[in-house]
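The listed protein sequences correspond, in order, to chains R and V.
Using our numbering, the first residue of the first sequence is number 70, and each one after it goes up by one.
Using our numbering, the first residue of the second sequence is number 54, and each one after it goes up by one.
Ideal Cβ positions, reconstructed from N, Cα and C, are used throughout, including at glycine.
Model, not experiment: these values are computed from the prediction.
Read the structure below first, then the notes.
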Amino acid sequence: MAQRSLIIEPPEFLAERPVPHTRIGEITATWSGDHRIGGIVSFAGVVRADETSEGAVTAIEFTAHRSMAQRSLSELIERCATAYESEVLRVYLEHALGTVGVGKCPLVIVVGAGHRPEAFGLCRDILEALKAEVPIYGRELTEGGGHQWKVNR
Amino acid sequence: MRNQTEHTPSHETASQPRTVKIAVFGPLTEVVGAGELEVELTLPASAARLDAELRRRRPELDGRRYQIAADERIVRGEEVIHADVGEIALLPPFAGG
Numbered sequence: 070m071a072q073r074s075l076i077i078e079p080p081e082f083l084a085e086r087p088v089p090h091t092r093i094g095e096i097t098a099t100w101s102g103d104h105r106i107g108g109i110v111s112f113a114g115v116v117r118a119d120e121t122s123e124g125a126v127t128a129i130e131f132t133a134h135r136s137m138a139q140r141s142l143s144e145l146i147e148r149c150a151t152a153y154e155s156e157v158l159r160v161y162l163e164h165a166l167g168t169v170g171v172g173k174c175p176l177v178i179v180v181g182a183g184h185r186p187e188a189f190g191l192c193r194d195i196l197e198a199l200k201a202e203v204p205i206y207g208r209e210l211t212e213g214g215g216h217q218w219k220v221n222r
Numbered sequence: 054m055r056n057q058t059e060h061t062p063s064h065e066t067a068s069q070p071r072t073v074k075i076a077v078f079g080p081l082t083e084v085v086g087a088g089e090l091e092v093e094l095t096l097p098a099s100a101a102r103l104d105a106e107l108r109r110r111r112p113e114l115d116g117r118r119y120q121i122a123a124d125e126r127i128v129r130g131e132e133v134i135h136a137d138v139g140e141i142a143l144l145p146p147f148a149g150g
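Structure (C-alpha cells):
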C-alpha cells in the first residue's frame, strides 16, 4: 500500500464568527488539485429555530475551553482517521465561537478520501466524537430575551 | 529512600490545604457567577476526592454534572491530580456542533 497521508486543516479549528456557507465549496475547489481524492463528504451544522417556553431560539452563543478544545479536536481527528485505510485522508474542520444566528453555521467538517466509504465514515466519526468529547458550550438565546444551555444528546 | 519518605513525607504528601483556582465553563459560569472559583484544597488528590471536597465546600455545585480536567486531560475516579498541576477545570456536558 502506498504511504498513507493524513492532512488536517486549518491550524486553528475555532474562530470567532459563523462559518461562511461558502466554505465547503472553497475547500472542495482547493482540494481539486489533489488527484488521489475520489470523494468529498461535508457536514454543515445549522442553528435551528427550536421552540422553547420563552419563544423560538434566535441564535446560539458558543464558548469553549479554547486550548483544550483545539487539542481535543486535533487528537480526535487523528484517532478517528486510524480506522480508515486510504492513500489520502484530508480533513477540514471549523467551529464557530461567539453568536451564531438561526440559519447560520457553527460547524463545518469536510473530508476527502480515495473512496466514498472512508469519506462518509470519517466525516460522521469526527462529528460524533466532537459532540461527545470537545469542551464547547452553547447558550441558546430566545425571542423572549431569555436563554437556555444546549446539551448534546 | 522509600522508608525515609514514609517517615518524612515528601513535598507532595506533606501538602497543606491551599487556595486553588478552578476554571469553570458553560452553564457553570452562571452557577458560580464567574469564570473561576477559589477553593481551599489539598493536593495531590484523586479526582473523586477533589470532587467530593469541592461539592462539600461549594454547595451551589450540588446536583450539577461536570467532568474534571487537570491540565486539559479528563481525570476520573482514583486518577491523581498532582500538586504541581497547572490548571484544574470543571467541564459540564458538551454542546459543540
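If we ignore side chains and look at the alpha-carbon of each, how far apart do V/Ala136 and V/Leu81 end up?
Position 83 of the second sequence, counted from the first residue, corresponds to residue 136 of chain V. Position 28 of the second sequence, counted from the first residue, corresponds to residue 81 of chain V. Each residue's Cα considered, the two are about 24 Å apart.
In three-state terms, what does DSSP make of V/Ile121?
Within the second sequence, residue 121 of chain V is the residue found at index 68, counting from 1. Correct three-state label for V/Ile121: strand.
Determine which residues share a DSSP beta bridge with R/Thr121 and list them.
In the first sequence, residue 121 of chain R corresponds to position 52, counting from 1. According to DSSP, which records beta bridges pairwise, R/Thr121 is partnered with R/Gly124.
Do you know how far the Cα of R/Phe131 is from the Cα of R/Val169?
Within the first sequence, the letter at position 100 stands for residue 169 of chain R. Within the first sequence, the letter at position 62 stands for residue 131 of chain R. Roughly 8 Å between the two C-alpha positions.
List the residues of chain R that V/Ala123 touches, going by C-beta distances under 8 Å, in chain order.
Numbered from 1 along the second sequence, position 70 holds the residue referred to as residue 123 of chain V. Ordered by position in chain R, no residue passes the 8 Å Cβ test against V/Ala123, which lies about 11 Å from the chain.
Mind listing the chain V neighbours of R/Leu166? Cutoff is C-beta to C-beta under 9 Å, in chain order.
On the first sequence, position 97 is the one that residue 166 of chain R refers to. Near R/Leu166 there are no residues of chain V at all, since even the closest Cβ is about 10 Å away, more than 9 Å.
R/His90 at chain V interface by Cβ criterion, 8 Å:
By 1-based counting over the first sequence, the position of residue 90 of chain R is 21. Cβ-Cβ to chain V under 8 Å: no for R/His90.
Please decide whether R/Val203 counts as near chain V, where near means a Cβ-Cβ distance under 8 Å.
Taking the first residue of the first sequence as position 1, residue 203 of chain R is located at position 134. So, interface residue.
Less than 6 Å between C-beta atoms, sequence neighbours within five positions excluded: which residues of the same chain meet that for R/Val160?
Residue numbering aside, residue 160 of chain R sits at position 91 when the first sequence is read from its first letter. Contacts found: Ile77, Ile146 and Val180.
Establish whether the CB of R/His104 and some CB of chain V are separated by less than 8 Å.
Taking the first sequence and counting its residues from 1, the one referred to as residue 104 of chain R is at position 35. False, the Cβ-Cβ gap to chain V never drops below 8 Å.
Can you tell me where the alpha helix (DSSP H) with R/Ser141 in it begins and where it stops?
On the first sequence, residue 141 of chain R is found 72 positions in, with the first residue counted as 1. From DSSP, the alpha helix (DSSP H) with R/Ser141 extends over Arg135 to Ala150.
From the DSSP output, read off the bridge partner residues of R/Cys174.
Residue numbering aside, residue 174 of chain R sits at position 105 when the first sequence is read from its first letter. R/Val88.
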